[in-house]
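Enquirer: Residue numbers for the sequence shown follow the numbering used here, so the first one is 1129 and each next one is one higher. Using N, Cα and C, we set each Cβ at its ideal position, and we do this for glycine too.
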Amino acid sequence: MNTLPSLVNLSLPDWVFREIDSAKIYADDEAKVALAIRLSLRNVEEKTGGPFGAVVFTHDGRLISAGVNRVVSQHCSVAHAEMMAYMLAQSKLQRFRLNDPDGRFVLATSAQPCCQCYGATVWAGVDELLIGARAEDVEELTEFDEGPLPTDWVGELTRRGIAVRRDILRDQARGVFMRYRELGGANY
1129 MNTLPSLVNL SLPDWVFREI DSAKIYADDE AKVALAIRLS LRNVEEKTGG
1179 PFGAVVFTHD GRLISAGVNR VVSQHCSVAH AEMMAYMLAQ SKLQRFRLND
1229 PDGRFVLATS AQPCCQCYGA TVWAGVDELL IGARAEDVEE LTEFDEGPLP
1279 TDWVGELTRR GIAVRRDILR DQARGVFMRY RELGGANY
């Protein structure tokens, strides 16, 4: 009898599917990041996870997948918003590298990826990374440790063909961390 686990089952909260209009085209970078921020705030207010949201889009703004932080509720240290969005996009498209063999993909995230999500971004097959808050915002306003990144992490991604745009709606993204703190910064 095998006593080792053979399946990992991670899920998004049900409210995510009511929050997103999957037919909408998110035409610009601000609209893409705004959705990630909205998901992060809702995740905090619904008490379904930490204050992070991420969304994968095609280059022309079609929604592929969304993720929110589910670490505590799913008992899984890799269930970060970006990781959830990547895994769900890869599952939907049935390929481990999103932009292979063709296509261009964008990850919009409410906050700069931590060291884990940065590593996943290198391999996930996205061509653009759109970021709301900075890592220093996360660490200033919450108890989260974002981990070590290369000194020139933006340059590293750029050299790998991933364009990075930061500080998109940064104040709104910081507001989610302030709301998280107001609610006690609970781990849920």
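For a cutoff of 7 Å on Cβ pairs, would you count A1217 as touching chain B?
Expert: Of the chains in the structure shown, none is chain B; there is only one protein chain.
Enquirer: How is G1260 classed by DSSP in three states: helix, strand or coil?
Expert: In the structure shown, G1260 sits in a strand (DSSP, three-state: E or B).
Enquirer: Along the chain, where does the alpha helix (DSSP H) containing A1213 start, and where does it finish?
Expert: Where A1213 is concerned, the enclosing alpha helix (DSSP H) stretches over 1209-1221.
Enquirer: Any idea which residues DSSP pairs T1237 with across the strands?
Expert: Note: T1237 sits in a beta bridge opposite A1182, I1259.
Enquirer: Please determine, among F1224, D1157, N1171, P1133, the residue with the shortest C-alpha to C-alpha distance to F1145.
Expert: Nearest option by C-alpha distance: N1171.
Enquirer: Could you check how far apart the C-beta atoms of G1177 and V1200 are, in whole angstroms? I think they sit under 8 Å.
Expert: Yes, they are in contact, since the Cβ atoms of G1177 and V1200 sit about 7 Å apart, within 8 Å.
Enquirer: If you drop the 5 nearest sequence neighbours on each side, which residues of the same chain put their C-beta closer than 6 Å to that of A1291?
Expert: Excluding residues within five positions, the ones whose Cβ falls inside 6 Å are E1256.
Enquirer: Please check the pair E1271 and G1313, which I expect to be a contact at CB under 8 Å, by giving their CB distance rounded to whole angstroms.
Expert: With 8 Å as the limit, E1271 and G1313 qualify as a contact, their Cβ atoms being about 6 Å apart.
Enquirer: What does DSSP give as the partner residue(s) for I1192 in the beta ladder?
Expert: In DSSP, I1192 forms no bridge with anything.
Enquirer: Just verifying my parser: in three-state terms, what is the DSSP assignment at A1155?
Expert: Three-state DSSP puts A1155 in coil, outside helix and strand.
Enquirer: Please tell me whether A1209 and N1197 are closer than 7 Å, where the distance is taken between their beta carbons.
Expert: In this structure, N1197 lies closer than 7 Å to A1209 by Cβ.
Enquirer: Using 10 angstroms around the beta-carbon of I1153, count the other beta-carbons present and answer buried if the total reaches 16, otherwise exposed.
Expert: Its Cβ having fewer than 16 others within 10 Å, I1153 is exposed.
Enquirer: Exposed or buried, Q1222, counting other C-beta atoms within 10 Å across all chains shown (16 or more means buried)?
Expert: Exposed, because fewer than 16 other Cβ atoms sit within 10 Å of the Cβ of Q1222.
Enquirer: Based on the DSSP secondary-structure assignment, which residues constitute the bridge partners of A1248?
Expert: Answer is none; A1248 lacks a bridge partner.
Enquirer: Where does the unbroken alpha helix (DSSP H) through V1200 begin, and where does it stop?
Expert: 1199-1202 is the extent of the alpha helix (DSSP H) around V1200.
Enquirer: Give the range of the alpha helix (DSSP H) segment to which R1307 is assigned.
Expert: From DSSP, the alpha helix (DSSP H) with R1307 extends over 1298-1310.
Enquirer: Tell me the rounded alpha-carbon separation between V1254 and R1298.
Expert: Cα to Cα, V1254 sits roughly 21 Å from R1298.
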